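I have placed the structure first, in the form of structure tokens, so that the comments after it can refer back to it.
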């Protein structure tokens with residue numbers, strides 16, 4: 000299948016009568032990893048929630064394979080699109096294995112109950128996130144990093160074509176951050192999945208993303224391959240930070256090196 004699997008057209012969405020995202024157009028490329036970056040409060044997570052149909056647009060809309068996502072049955076959306084929010088919650092006492100198994104619910108139905116395929120998907124997700132040894136542990140007894148890996152395992156068990164993640168490396172130490180990002184990169188490269196994630200670390204975003212989407216003030220400031228759009232002016236406009244941008248000696252992608260400056264002189268989101 001070609002074309003964009005997920006597209007926003009004239010999207011406006013917000014809270015309490017105020018738009019956080021306003022008049023936004025965006026195409027998510029198929030079988031690529033897209034990273035959404037920007038300063039705090041620029042609308043990254045709000046955009047991701049709207050793409051996942053967790054927020055209803057005030058104007059415009061979101062298309063899933065050319066169809067308005069708002070008009071699709073919930074179970075069909077759940078079979079095609081998985082979403083991992085920033086701070087998910089689970090019922091008290093729920094074990095890791097039970098949580099990951101919940102990722103298979105969209106595949107169940109009146110005439111299709113738990114199967115060997117479901118069991119294999121759960122085992123694969125546990126192994127991929129190094130949580131198999133935690134399978135019998137309650138979620139509420141885990142460390143922050145262990146809990147985050149368990150939630151990612153649930154999203155992987157869902158086996159959707161599209162996977163949306165809001166800051167998936169939160170609470171993880173550096174080694175586990177790299178593990179998770181390598182895992183998501185592998186889903187794209189080896190299985191043709193489409194992954195969209197919000198990231199705070201611009202260097203990680205540049206290293207892993209096929210497409211970088213930089214937001215400012217609820218709009219897309221720039222979008223494209225990191226090597227095409229990230230330079231010192233980009234960092235200054237999006238993050239209000241003076242930096243040198245050099246070539247990463249490992250990957251050849253942009254590497255941002257902040258330079259000293261007064262906090263009082265920072266400006267953000269120049270459009």
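Numbering (my numbering), first residue to last: 0 to 270.
Where is the CB? At the ideal position from N, CA and C, for every residue including glycine.
In this text the structure is predicted, and so the values were computed from the model without any measurement.
Any non-hydrogen atom of the ligand ATP closer than 8 Å to residue i Cβ
| i | result |
| --- | --- |
| residue 169 | The ligand ATP is not among the ligands present in this structure, which contains no ligands whatsoever. |
In DSSP terms, what residue i is bridged to
| i | result |
| --- | --- |
| residue 95 | Paired residue(s): none; residue 95 is not in a bridge. |
| residue 255 | 244 |
| residue 34 | 196 and 211 |
| residue 155 | DSSP output for residue 155 lists no bridge partner at all. |
| residue 13 | 18 |
| residue 191 | In DSSP, residue 191 forms no bridge with anything. |
| residue 123 | Note: residue 123 sits in no beta bridge, so no partner. |
| residue 221 | 213 |
| residue 83 | 164 |
| residue 5 | 27 and 63 |
Beta-carbon gap between residue i and residue j smaller than 9 Å
| i | j | result |
| --- | --- | --- |
| residue 196 | residue 34 | yes |
| residue 223 | residue 211 | yes |
| residue 24 | residue 49 | no |
| residue 85 | residue 169 | yes |
| residue 11 | residue 2 | no |
| residue 153 | residue 101 | yes |
| residue 172 | residue 217 | no |
| residue 99 | residue 134 | yes |
| residue 123 | residue 155 | yes |
| residue 231 | residue 243 | yes |
| residue 28 | residue 209 | yes |
| residue 131 | residue 138 | no |
| residue 245 | residue 220 | no |
| residue 62 | residue 79 | no |
Supposed close pair residue i, residue j - CB separation, criterion 8 Å
| i | j | result |
| --- | --- | --- |
| residue 19 | residue 37 | Rounded, the Cβ-Cβ distance is 12 Å, inconsistent with contact. |
| residue 161 | residue 32 | About 12 Å; that fails the 8 Å criterion. |
| residue 69 | residue 60 | 6 Å |
| residue 120 | residue 158 | 6 Å |
| residue 83 | residue 151 | 6 Å |
| residue 105 | residue 77 | 4 Å |
| residue 185 | residue 30 | At roughly 13 Å, the Cβ-Cβ gap does not stay under 8 Å, so residue 185 and residue 30 are not in contact. |
| residue 117 | residue 103 | 4 Å |
Chain B contact for residue i (CB, 9 Å cutoff)
| i | result |
| --- | --- |
| residue 94 | Protein chain content of the structure displayed is limited to a single chain, and chain B is not contained in it. |
contact_flag[the segment 200 to 219, the segment 241 to 256] where n(CB pairs < 8 Å) is 3 or more: yes
Inter-stretch contact at 8 Å, needing at least 3 Cβ pairs: the segment 91 to 103 / the segment 171 to 185: no
Runs of beta strand (DSSP E) lying entirely within the segment 26 to 80, each at least 3 residues, in chain order: 32 to 36 and 58 to 63
Stretch-stretch touch, CB-based, cutoff 8 Å, three pairs: the segment 145 to 165 with the segment 52 to 59: no
Segments assigned beta strand (DSSP E), at least 3 residues, entirely inside the segment 132 to 178: 161 to 165
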